[in-house]
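Colleague: Okay, here's the structure, questions in a sec.
Number of protein chains: 2
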Amino acid sequence: MGRWEPNARERLELAALELFRERGYDGTTVAEIAERAGLTKRSFFRHFADKRELLFSGQEQLTRLIAEAIAAAPTSATPLEAITAALTALDSIFDDERRVLARERQAIIAANVELRERELLKGTVLTTAMAAALRERGDPEPVANLAAEFGGLALHLAFTRWIEPKAGEAYAKLAHQAVDELRATAAELG
Amino acid sequence: MGRWEPNARERLELAALELFRERGYDGTTVAEIAERAGLTKRSFFRHFADKRELLFSGQEQLTRLIAEAIAAAPTSATPLEAITAALTALDSIFDDERRVLARERQAIIAANVELRERELLKGTVLTTAMAAALRERGDPEPVANLAAEFGGLALHLAFTRWIEPKAGEAYAKLAHQAVDELRATAAELG
Numbered sequence: 001m002g003r004w005e006p007n008a009r010e011r012l013e014l015a016a017l018e019l020f021r022e023r024g025y026d027g028t029t030v031a032e033i034a035e036r037a038g039l040t041k042r043s044f045f046r047h048f049a050d051k052r053e054l055l056f057s058g059q060e061q062l063t064r065l066i067a068e069a070i071a072a073a074p075t076s077a078t079p080l081e082a083i084t085a086a087l088t089a090l091d092s093i094f095d096d097e098r099r100v101l102a103r104e105r106q107a108i109i110a111a112n113v114e115l116r117e118r119e120l121l122k123g124t125v126l127t128t129a130m131a132a133a134l135r136e137r138g139d140p141e142p143v144a145n146l147a148a149e150f151g152g153l154a155l156h157l158a159f160t161r162w163i164e165p166k167a168g169e170a171y172a173k174l175a176h177q178a179v180d181e182l183r184a185t186a187a188e189l190g
Numbered sequence: 001m002g003r004w005e006p007n008a009r010e011r012l013e014l015a016a017l018e019l020f021r022e023r024g025y026d027g028t029t030v031a032e033i034a035e036r037a038g039l040t041k042r043s044f045f046r047h048f049a050d051k052r053e054l055l056f057s058g059q060e061q062l063t064r065l066i067a068e069a070i071a072a073a074p075t076s077a078t079p080l081e082a083i084t085a086a087l088t089a090l091d092s093i094f095d096d097e098r099r100v101l102a103r104e105r106q107a108i109i110a111a112n113v114e115l116r117e118r119e120l121l122k123g124t125v126l127t128t129a130m131a132a133a134l135r136e137r138g139d140p141e142p143v144a145n146l147a148a149e150f151g152g153l154a155l156h157l158a159f160t161r162w163i164e165p166k167a168g169e170a171y172a173k174l175a176h177q178a179v180d181e182l183r184a185t186a187a188e189l190g
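So the sequences go chain by chain: A and B. By full-length UniProt numbering, the letter at position 54 of the first sequence is numbered 54, and the numbering carries on one by one without gaps. By full-length UniProt numbering, the letter at position 13 of the second sequence is numbered 13, and the numbering carries on one by one without gaps.
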């Protein structure tokens, strides 16, 4: 991760997406990804545990942004207001540049059972982080857990709409819409 | 699965739990499980893909019971009433005989990262089955998804309480309590 390998992480990610598109996920090796990025296999493993984890390297940053935003929410904020702040904070990642890459990544995941399972796990990790951050600020367990599941659904909804080819809306707007929709939906559960 | 191997599945499950308790999950082989059950490795693989899947063999039956109960709910039932019916239907599996085995199984899972991830996936499979069954009976997508997440949380809450050593309550009662609690909780989300 020295100065002699500028943007190694990003180069590896872009090279991997390119190769997955060309040869499929299963048909691509770590050596090929490193080569395409102009780096060594050793460099690859300095940044990622394996080619699967490269596709899930964003999980850590998302988790951190979510936890920080919930912790920073005013104590007067309701659990859903804190969740909305957390989802909105992801706007700093989900910008226009990222949108096409996110769409490509999602197509690769959709085509592979193992990756779909890993994606579900990522969803659970994010939801668990929301619940932990809410408990941390004093929301009791059942409230924190329910609000976190609500947040997980809203995130999924907003993200799925954001990467749609025809979508032009900014992620933050879609996140607010998703929360509002789910809030209205909650009233229909009976 | 012939007549010459009566209860092979159950025998393998009991033998596996015994061995996992004695030697740990990682320290137990499929050959040892088969031997303890008085069966061959070949018999084992007729019933389970591997020793991990043996621990998750109940997933299919749970999924089926959930889907059937939601499909059988009267059309006048609200989404949450249909979910409550689904959770209550699992009473036929979660009886007193099963409780100790379920507790043992959960202790084995808690001690192993790979198993914990598989358990999260099982939770997602059950939630997805609830959502699909609700859509099938005409509930629109956001309502079905939110009700299903609600159902997943209620199931987790009821199950966790049911396997507690001191718990004496029947599962069905705990399931109703969990739904009622979460319903009250929803009002506090803000």
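By construction, the Cβ of each residue, glycine as well, lies at the ideal position given by its N, Cα and C atoms.
Run down chain B in chain order and give the residues with a C-beta less than 8 angstroms from the C-beta of valine 143 of chain A.
Modeller: Thr185, Glu188 and Leu189
Colleague: Is phenylalanine 45 of chain A close to chain B? Criterion is C-beta to C-beta, closer than 8 angstroms.
Modeller: no
Colleague: Checking contacts by CB at 8 angstroms: is alanine 158 of chain B closer than that to chain A?
Modeller: no
Colleague: Taking a Cβ distance cut-off of 9 angstroms, strictly less, list which residues of the segment 60-81 of chain B are near chain A, in chain order.
Modeller: Ala77, Thr78, Pro79, Leu80 and Glu81
Colleague: Using a beta-carbon distance below 8 angstroms, is leucine 155 of chain A in contact with chain B?
Modeller: no
Colleague: Which residues mark the beginning and the end of the alpha helix (DSSP H) in which asparagine 112 of chain B is found?
Modeller: Element bounds for asparagine 112 of chain B: n/a, residue is neither H nor E.
Colleague: For the segment 117-141 of chain A, enumerate the residues whose C-beta is nearer than 7 angstroms to any C-beta of chain B, in chain order.
Modeller: Identification of residues in the segment 117-141 of chain A having a C-beta nearer than 7 angstroms to some C-beta of chain B yields Glu117, Leu120, Leu121 and Thr124, given in sequence order.
Colleague: Applying the criterion that 16 or more other CB atoms from any shown protein chain within 10 Å of the CB defines a buried residue, is asparagine 145 of chain B buried or exposed?
Modeller: With 16 or more Cβ atoms within 10 Å of its Cβ, asparagine 145 of chain B is classed as buried.
Colleague: Exposed or buried, which one is glycine 152 of chain B when buried takes at least 16 other CB atoms within 10 Å?
Modeller: buried
Colleague: Mapping the DSSP letters down to three states, classify glycine 190 of chain A as helix, strand or coil.
Modeller: coil
Colleague: Pick helix, strand or coil for glycine 168 of chain B, following the three-state DSSP scheme.
Modeller: coil
Colleague: Could you compute how far the alpha carbon of alanine 8 of chain B sits from the alpha carbon of alanine 107 of chain A?
Modeller: 42 angstroms
Colleague: Report yes if the C-beta distance between leucine 19 of chain B and glutamate 5 of chain B is below 8 angstroms; otherwise report no.
Modeller: no
Colleague: Since leucine 182 of chain B meets chain A, which of its residues come closer than 7 angstroms, beta carbon to beta carbon?
Modeller: Pro142 and Leu146
Colleague: Hey, would you say valine 143 of chain B sits closer than 8 angstroms to threonine 185 of chain A, going by beta carbons?
Modeller: Less than 8 angstroms separates the beta-carbon of valine 143 of chain B from that of threonine 185 of chain A.
Colleague: What does phenylalanine 150 of chain A touch in chain B if you count any residue whose Cβ is under 8 angstroms from its own?
Modeller: Leu146, Glu149 and Leu189, listed in chain order.
Colleague: Beta-carbon within less than 8 angstroms of arginine 116 of chain A's beta-carbon, same chain only, minus the 5 sequence neighbours each way: which residues are those?
Modeller: Ile109 and Ala110
Colleague: Count the CB pairs spanning the segment 73-87 of chain A and the segment 35-43 of chain A that are closer than 8 angstroms, and state whether there are at least three.
Modeller: No, the segment 73-87 of chain A is not in contact with the segment 35-43 of chain A.
Colleague: Give the C-beta separation of alanine 89 of chain A and alanine 82 of chain A to the nearest angstrom, bearing in mind that I take them to be a contact with Cβ-Cβ under 8 angstroms.
Modeller: Not confirmed; about 11 angstroms, so no contact.
Colleague: On the criterion of 16 or more Cβ atoms from any shown chain inside 10 Å, does phenylalanine 45 of chain B qualify as buried, or is it exposed?
Modeller: exposed
Colleague: Taking the C-alpha atoms as reference points, what is the distance between leucine 120 of chain A and threonine 160 of chain A?
Modeller: 14 angstroms
Colleague: Have a look at A:Leu54, A:Ala85 and A:Gln61 and flag the residue whose alpha-carbon is nearest the alpha-carbon of threonine 28 of chain A.
Modeller: A:Leu54
Colleague: Could you give the DSSP three-state label for serine 76 of chain B: helix, strand or coil?
Modeller: coil
Colleague: What is the DSSP secondary structure of residue 195 of chain B, reduced to helix, strand or coil?
Modeller: The structure shown does not extend to residue 195 of chain B, since chain B spans only 1 to 190, so no value can be given for it.
Colleague: Can you tell me the Cα-Cα spacing of alanine 129 of chain B and threonine 40 of chain A, whole angstroms?
Modeller: 44 angstroms
Colleague: Between alanine 187 of chain B and alanine 154 of chain B, which are expected to be in contact by the criterion C-beta below 8 angstroms, what is the C-beta distance as a whole number of angstroms?
Modeller: Going by Cβ atoms, the distance from alanine 187 of chain B to alanine 154 of chain B rounds to 15 angstroms, so no, they are not a contact pair.
Colleague: Given a cut-off of 8 angstroms, decide if alanine 85 of chain A and alanine 67 of chain A are closer than it, judged by their beta-carbon atoms.
Modeller: no
Colleague: Quick one: residues in its chain with C-beta nearer than 6 angstroms to the C-beta of tyrosine 171 of chain A, no 5 flanking neighbours on either side, listed in chain order?
Modeller: Asp91, Phe94 and Trp162
Colleague: Tell me which residue opens and which closes the alpha helix (DSSP H) that arginine 42 of chain B is part of.
Modeller: 41-47
Colleague: Using three-state DSSP, classify serine 57 of chain A as helix, strand or coil.
Modeller: coil
Colleague: Cα separation between methionine 1 of chain A and proline 165 of chain B?
Modeller: Here methionine 1 of chain A scores only 48 on pLDDT, less than 50, and its place in the model should not be relied on; the value that follows carries that caveat. So the alpha carbons of these two residues sit roughly 50 angstroms apart.
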